[in-house]
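Accompanying notes for the structure given below.
Number of protein chains: 2
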Amino acid sequence: MLDPRRLLVLRAVIRAGSMSAAATELGYTPSAVSQQVATLEREVRTPLLVRHSRGVVPTEAGSLLVEHADVVAGRLTRAADEVADLTALRAGRLRLAAFASAGARLLPGAIGVFRRRHPGVRLSLELREPEDVPDLVREGELDLAITFDYLTGPGDGSAVASGPSVDTEGLTTTWLLDDVVNVALPPHHPALEDAGVSPTDEIDVSTLRDAAWIRDSGQVCREQLVEMCAAAGFTPHVAFDSDDFPMVSGLIESGVGVALVPDLAVHQMGRRVVLRRLRPRLVRRIRALSPPQPSPATAAMLEVLTSRRPA
Amino acid sequence: MLDPRRLLVLRAVIRAGSMSAAATELGYTPSAVSQQVATLEREVRTPLLVRHSRGVVPTEAGSLLVEHADVVAGRLTRAADEVADLTALRAGRLRLAAFASAGARLLPGAIGVFRRRHPGVRLSLELREPEDVPDLVREGELDLAITFDYLTGPGDGSAVASGPSVDTEGLTTTWLLDDVVNVALPPHHPALEDAGVSPTDEIDVSTLRDAAWIRDSGQVCREQLVEMCAAAGFTPHVAFDSDDFPMVSGLIESGVGVALVPDLAVHQMGRRVVLRRLRPRLVRRIRALSPPQPSPATAAMLEVLTSRRPA
DNA sequence: TCGAGCATGAAGCCCAGCTTAACGCCGTAT
DNA sequence: ATACGGCGTTAAGCTGGGCTTCATGCTCGA
Chain A
1 MLDPRRLLVL RAVIRAGSMS AAATELGYTP SAVSQQVATL EREVRTPLLV
51 RHSRGVVPTE AGSLLVEHAD VVAGRLTRAA DEVADLTALR AGRLRLAAFA
101 SAGARLLPGA IGVFRRRHPG VRLSLELREP EDVPDLVREG ELDLAITFDY
151 LTGPGDGSAV ASGPSVDTEG LTTTWLLDDV VNVALPPHHP ALEDAGVSPT
201 DEIDVSTLRD AAWIRDSGQV CREQLVEMCA AAGFTPHVAF DSDDFPMVSG
251 LIESGVGVAL VPDLAVHQMG RRVVLRRLRP RLVRRIRALS PPQPSPATAA
301 MLEVLTSRRP A
Chain B
1 MLDPRRLLVL RAVIRAGSMS AAATELGYTP SAVSQQVATL EREVRTPLLV
51 RHSRGVVPTE AGSLLVEHAD VVAGRLTRAA DEVADLTALR AGRLRLAAFA
101 SAGARLLPGA IGVFRRRHPG VRLSLELREP EDVPDLVREG ELDLAITFDY
151 LTGPGDGSAV ASGPSVDTEG LTTTWLLDDV VNVALPPHHP ALEDAGVSPT
201 DEIDVSTLRD AAWIRDSGQV CREQLVEMCA AAGFTPHVAF DSDDFPMVSG
251 LIESGVGVAL VPDLAVHQMG RRVVLRRLRP RLVRRIRALS PPQPSPATAA
301 MLEVLTSRRP A
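Quick note, the sequences are listed as chains A and B, same order.
Sequential numbering from 1 applies to the first sequence in full-length UniProt numbering.
Sequential numbering from 1 applies to the second sequence in full-length UniProt numbering.
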């Protein structure tokens, strides 16, 4: 394999027509250029230039090498340009993942803003459950993932000020939104009688001890339901598992049971479903997961996401 | 424009999956590789690798650069290979030029041999008169030219042993053949009576003082005719100029005049044309003209040409 | 005949880029 | 738990490739 630097010197010489001209063009002395060409000729064991009284003319081997050198030089400049495009967000790729309700309610707006700002960046979005996401980000299969976990307790803005932080797994976590979870019931469910008639009245988890549950089939949600009920001192009766909120809505309206429905999904509930806050309060903490050194595109999308979260 | 050497180091790293592996592959220490990658990252102001616990993984910019690096590396090896093909005569080009009668009689056999020996070399042949040829060879437009000049006198093997020589113009001249010139006359031309009846009888130039000449229109031949006659003490009467020997033959047979016809062209004369040697003897000295540093293909063709000349 | 412009060679210098050595980090095996 | 091996990184120092400078030879045009 040839030394690319010498090849580029040869290219300059032949394009310029003389070693001296190439030297001034390259910022060298003619002697340096002459030496470079000479060693290249030694390497390929063939003369590459015929020395003329005014300047030089390429031999057949010289012309051949120059053609290749042109390609090489073109690639080198193209490579630099394209990397510049990448860092300037004029090009590139951003692979997103989110869970279903975030993909439907949280991301479209952010994606719209991002696309308007950086039309050159190719976006992709796939639906992934929170449990799959960290490994994919760590392995570089994803650039940014929207995930969540459950939080019992206040769920106020305690994490708002904390900003991005690197978790134990070497990933950056950025808080986006606290998604309050409701319980969704059929209109005349017994638990409603204990709670009161106002929509703002909360339903105590313990009053759902005998309810039949329609459960989101995502792993995190399944576990959370069991945990919540355990904290209230009972084991839930699971009547149904589904990952589709419209179907959940239909099942509730048919009186099959009750379900946990976060704010981000309430728009998928039918009109006859009754929604109430839970006591103790239950919150889905929605976060963005990103690599510790995010790409420019990842950082830009994070910026969009955090700037759009409600005050 | 990026530094191609660093780019190739990056390529090795990403292909190997770790800096250490790339280092052993390149014959460097891991430290050297790390430093190269680090400076490349500084140059493009972007991380190119994400450092993992076991090895590294390319970032988007890194993958982009590797694609270009692959092309560059491919070109560098291809370039070396193709130059090797050129010097080994597995490829390349040989641009020949010759005057008409050499092209017809001298070259076809040599070209056949050459093609059989070096089928990868592309050959081209154009017809050129001797006066045009030196500049074209000097400028690199031709690789090898067959030319001639006239020689009065013995024309024996005096130049045979001398071999190739560099003439005053910086071109290499290789003697190929001495082409003896005949005079071609109509069957009952008066000059034949002075000479004798035997085909080996020579015709003295002075006996052609009153002849009408059909002259080859090439510049060298035209001048030579005048010079030869001047040496014999007269100026030739030129009746016709032609560069086509069959036509010359027809004109002679029609009794228009006489002509100079070298051995290489006698096969183009009609049966009724009478051919005799001249006194003083006139010889076309046929030579090959080549650049002072001939390409391998040129040298090979010269070898074929000289090895085929009659002993 | 001279001088301008070209390529080249010898000599020397300097820094890019290598090696060595030491360190921190992670994951695994003992 | 602790040790160990493999990873990448850093600092320091050395070496040689590749540059400059200077001098020479060549060709061409004035």
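Heads up, the beta-carbon is just placed ideally off N, CA and C, and yes, glycines get one too.
Check	Outcome
Range of the contiguous alpha helix (DSSP H) that encloses Phe114/A	107-117
Bridge partners - Val180/A, DSSP secondary structure assignment	Val283/A
Chain A contact for Val33/B (CB, 8 angstroms cutoff)	no
Under 8 angstroms (Cβ pairs) to chain A, residues found in the region 234-267 of chain B	none
Gln219/A at chain B interface by Cβ criterion, 8 angstroms	no
Within-8 angstroms CB hit, Gly155/A to chain B	Interpretation of Gly155/A is limited by its pLDDT of 46, a score under 50 that renders its predicted location unreliable; the figure taken from the coordinates is listed afterwards. Chain B, which has no Cβ nearer than 8 angstroms to the Cβ of Gly155/A, makes this no.
CA nearest to the CA of Ala15/B, picked from Gly74/B, Pro119/B, Asp70/B	With the sequence shown as reference, residue 15/B is identified as Arg, and Ala is not the correct amino acid for it. Among Gly74/B, Pro119/B, Asp70/B, the Cα nearest to that of Arg15/B belongs to Asp70/B.
Partners in chain B for Gly112/A, counting only beta-carbon separations shorter than 9 angstroms	Ordered by position in chain B, no residue passes the 9 angstroms Cβ test against Gly112/A, which lies about 23 angstroms from the chain.
Coarse secondary structure for Leu251/A, derived from DSSP in three states	helix
Residue closest to Asp216/A, alpha-carbon to alpha-carbon, out of Leu225/A, Asp210/A, Arg209/A	Leu225/A
Proximal chain A residues relative to Ala299/B, where beta-carbon distance stays under 9 angstroms	In chain order: nothing, as chain A lies at least about 12 angstroms away.
Sequence-distant residues of its chain with Cβ nearer than 8 angstroms to Arg287/A (five each side left out)	Ile146, Thr147, Phe148, Asp149, Thr173, Thr174, Trp175, Leu176
For Thr147/B, the residue or residues it bridges with in DSSP	Arg287/B
Of the listed residues Pro291/B, Ala100/B, Gly270/B, Leu208/B, nearest to Glu193/B (C-alpha basis)	Leu208/B
Sequence ranges, alpha helix (DSSP H) only - wholly within the region 190-232 of chain B, length at least 4	190-195, 219-232
Per-residue contacts from Pro119/A into chain B (C-beta, under 9 angstroms)	In chain order: nothing, as chain B lies at least about 17 angstroms away.
Interface residues of chain B facing Arg45/A [CB-CB closer than 9 angstroms]	Val83, Ala84, Thr87
Straight-line gap, Ala79/B to Val44/A (C-alpha atoms, nearest Å)	10 angstroms
Test item: CB-CB of Val180/A and Trp213/A under 8 angstroms	no
Every unbroken beta strand (DSSP E) inside the UniProt domain "HTH lysR-type" (2-59) of chain B [3 residues or more]	49-51, 56-58
Minimum Cβ-Cβ distance from Pro294/B to chain A less than 8 angstroms	no
Beta-carbon proximity of Leu302/B to Pro294/B, cut-off 8 angstroms	yes
Bounding residues of the beta strand (DSSP E) (the contiguous stretch that carries Asp241/A)	237-242
Burial state of Pro119/B (16 or more Cβ within 10 Å)	exposed
Residue nearest to Ser18/B in terms of C-alpha spacing, selected from Asp263/B, Phe99/B, Val37/B, Pro134/B	Val37/B
Any 3 or more C-beta pairs closer than 8 angstroms across the region 264-274 of chain B and the region 74-88 of chain B	no
Pro4/A and Leu76/B closer than 8 angstroms at C-beta	yes
Neighbour list for Gly92/B in chain A, Cβ cutoff strictly below 8 angstroms	Glu60
Three-way DSSP call (helix, strand, coil) for Ala97/A in this model	strand
Proximity test, Cβ basis, 8 angstroms: Gly17/B and chain A	no
The region 120-130 of chain A in contact with the region 90-108 of chain A per 3-pair CB rule at 8 angstroms	yes
CB contact flag (Val273/A, Ser254/A, <8 angstroms)	no
Rounded Cβ spacing between Ala259/A and Ala184/A (contact assumed at less than 8 angstroms)	5 angstroms
8 angstroms contact criterion, which Arg279/B and Glu202/B should meet: CB distance rounded	4 angstroms
Supposed contact pair Leu94/B and Leu123/B - C-beta distance, whole angstroms, cut 8 angstroms	5 angstroms
Contact set between Gly27/A and chain B, taken where Cβ atoms lie within less than 7 angstroms	Chain B residues near Gly27/A: none, gap ~13 angstroms exceeds 7 angstroms.
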